[in-house]
């Protein structure tokens, strides 16, 4: 019965090897030479093993006494075919003083099993099968890891291969590295923008999905700034470069992404420390298992020592104990998590940050530019006698000489070209406003102090924001409210953070208390601190850090990067907004949201949770199964067959589970 | 000075071994091996010639992991 199962298994392995070998001939399979060679070795060893199975010991009886040794020799050849590299590596390891690795474990286990089989003149099959299945497991792991590694890298690869430079009327493809600042490059539809620059000619639509995860295309026209990494979708663009390739957005991001998994998380450190202690520990345990019970049986209990049984159990123990499943799956999970996040427009600078992000319990926001657009807009016009458009027009004309942000918003609200000839006698009253003659009428635009100064009764406003009172020819004409606009997703973002398990949300701002309180109330934020200077923000964050209940409740600060750099560094984890092209943000923050969308904060936390969950699952399940098998083996309930399947099976499961971290679309 | 090299290594544990070997090489301030992107980032001590140091790094890595490859 068992023999037919084994034969069946070997036939399946042989067929699988042939099929994989055929698949491997296709270039899309991306099989390395090493992997193909290994497949041939697996195939050869399996076929030879099958032949030996069919010709059992009796077939060699024709050779007489020598038959036994001839059979052994053929088995040994088979063993060497499948396992010579393991033996060589184990030998090298011992010579280099690094005795305890998985090669050593496998070499000792299989050689030991062979020796036992020779001693008992029994079944050589087991030792070879263990080596064979171990190699199959290794092959699968190497292939799966290699393939997912490439897939994830491709996902993150926004590297442009060339830049088109026009020379003598013909387009020439050059290395982006060689393009000097100020060169005009041509980007055809379907090509990536290789270098940051300004559009000098052409209109088109850009796909920024690779940079921001945002699927909505962006329109660009002549004069617009353009960042590298976008894909030009519709029209031909001529771009004058403003940066070198190395300084362009795409290079910066690539650099960040490529170095991301070099920063190791605590879990990864734990695993490499664990592997360093675990392997020697298992080896000594196996030695103890081989020696102690027989001695106890012999001397204390006066029974037969049963050396063979205990040595066999000790060898089986070694087969199970390979730490490969852990060592490979943990970094793979983090890598997949970082890859998935970057595909969603969230750049995480290292696996350690992914780990901290998953423990975030307090989120501190900066207001302007993070929860609000940071752009002041006309939000209301009240108590006016004349039409809204006229009032805005007068205000814009009166303020036409000023460069204050408020006058910019007025001009933007007016939307048309300012005809300066309609304005005369502009009189700026510092801290109050402006008085000017517009179309011959006297227009006053400013705060209530200006109105009081002119002796005009102003109607106070209940709205929050900057209020511009208007008077035309000495008569009150109403007021314009200018305020920062809350981002459309901010409210939803705060709510989904709460849903994701964030306990407290805090808003810090340099803005006036009234404005801050109103924004916080609209968004449902728990605590607000207003009228803070940049230094106060750092102090506030430190205060909040000290008030934390436990080490595991991390504090995240979300800011727009440029003036928030010190706070971003001080917090447990700094999340930067508005990163498109802003170097300060990319440098100071640990996590960069590519498209300013505050909803992505919750998404980032969810991605990190999923990734960390997978990591813990792998650690716990792999260690639990191994320990269980170790106990079973020590008690004599498991054979070496079970051992190798447990080892290979756990590894395959762990690798497949790790790849799950890549799928973050529906979080 | 910091330099990045492309490497070719099969297993995550071997990558860790290479990292340790590279760190112990003379003239190397710090080294990180990134198995996932198959890259080795070496930070050289002040005044060291990268080419000479890298030859030793390659030798040290080959010793711990004969299958590895570092593309200089």
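Chains as they are written, first to last, in my numbering: chain A, 273 to 939; chain B, 6 to 77. Glycine is no exception: its CB is placed at the ideal position from the N, C-alpha and C atoms. Nothing here was measured: the structure is a model prediction, and the numbers come from that model.
In the DSSP assignment, residue 917(A) falls within the unbroken alpha helix (DSSP H) covering 912-931. Under the three-state reduction of DSSP output, residue 431(A) falls in the coil class, being neither helix nor strand.
In the three-state reduction of the DSSP assignment, residue 447(A) falls in the coil class. Within the stretch 594-624 of chain A, contact with chain B at the beta-carbon level (separation under 7 Å) is assigned to 599, 600, 603, 607. Contact note: residue 368(A) reaches chain B through 68, 69, using a C-beta cutoff of 8 Å and chain order. Identification of chain B residues near residue 361(A) by a Cβ-Cβ cut-off of 9 Å yields 70, 71, 72, ordered along the chain. Distance from the Cα of residue 711(A) is smallest, within the candidate group 727(A), 719(A), 694(A), 720(A), for 694(A). About 19 Å separates the CB atoms of residue 453(A) and residue 494(A); that is not less than 8 Å, and the two are not in contact. One alpha carbon belongs to residue 673(A), the other to residue 698(A), and they sit about 8 Å apart.
At least one CB of chain B lies nearer than 8 Å to the CB of residue 364(A).
The straight-line gap separating the alpha-carbon atoms of residue 385(A) and residue 351(A) is approximately 12 Å. The C-beta distance from residue 766(A) to residue 644(A) rounds to 13 Å, too long to meet the 8 Å contact threshold. Contact of residue 50(B) with chain A is not assigned, every C-beta pair being separated by 8 Å or more. Near chain B, meaning a CB-to-CB distance below 7 Å, the residues of the stretch 415-436 of chain A are 421, 425. By the rule that beta-carbons nearer than 8 Å mark a contact, residue 547(A) touches chain B. No Cβ of chain B is located within less than 8 Å of the beta carbon of residue 880(A).
Put simply, of 66(B), 77(B), 59(B), 74(B) the residue whose alpha carbon is nearest the alpha carbon of residue 370(A) is 66(B). Within the stretch 19-34 of chain B, the residues whose Cβ lies closer than 8 Å to some Cβ of chain A are 21, 22, listed in chain order. Pairing residue 782(A) with residue 73(B), the inter-Cα distance amounts to about 55 Å. Chain order gives the chain B residues near residue 544(A) as 21, where near means a beta carbon separation below 7 Å. Going by beta carbons, residue 683(A) and residue 668(A) fall inside the 8 Å limit. Contact check between the stretch 899-910 of chain A and the stretch 582-594 of chain A: three or more CB pairs, one atom from each, fall below 8 Å, which counts as touching.
Distance from the Cα of residue 379(A) is smallest, within the candidate group 627(A), 389(A), 460(A), 363(A), for 363(A). Our two residues, residue 819(A) and residue 483(A), have alpha carbons roughly 37 Å apart in a direct line. Taking the Cα positions, residue 545(A) is about 53 Å away from residue 444(A).
In terms of Cα proximity to residue 736(A), the closest of 628(A), 375(A), 477(A), 651(A) is 651(A).
Annotation for residue 74(B): the continuous beta strand (DSSP E) segment containing it runs 74-76.
The stretch 503-511 of chain A makes contact with the stretch 456-463 of chain A, as at least three CB pairs between them are under 8 Å. The stretch 626-634 of chain A and the stretch 873-891 of chain A touch, with no fewer than 3 CB-CB distances between them shorter than 8 Å. Contact annotation: the stretch 314-321 of chain A touches the stretch 397-407 of chain A, with at least three C-beta pairs closer than 8 Å. By a beta-carbon distance limit of 8 Å, residue 636(A) contacts residue 829(A). Their separation comes to about 5 Å. When DSSP states are grouped into helix, strand and coil, residue 704(A) belongs to the coil group. Taking C-beta separations shorter than 8 Å and ignoring five residues to either side along the sequence, the partners of residue 598(A) in its chain run 543, 546, 547, 890, 891, 894, 895, 926, following chain order. DSSP places residue 689(A) outside any alpha helix (DSSP H), giving it a letter other than H or E. Distance from the CA atom of residue 789(A) to the CA atom of residue 525(A), rounded to whole angstroms, is 36 Å.
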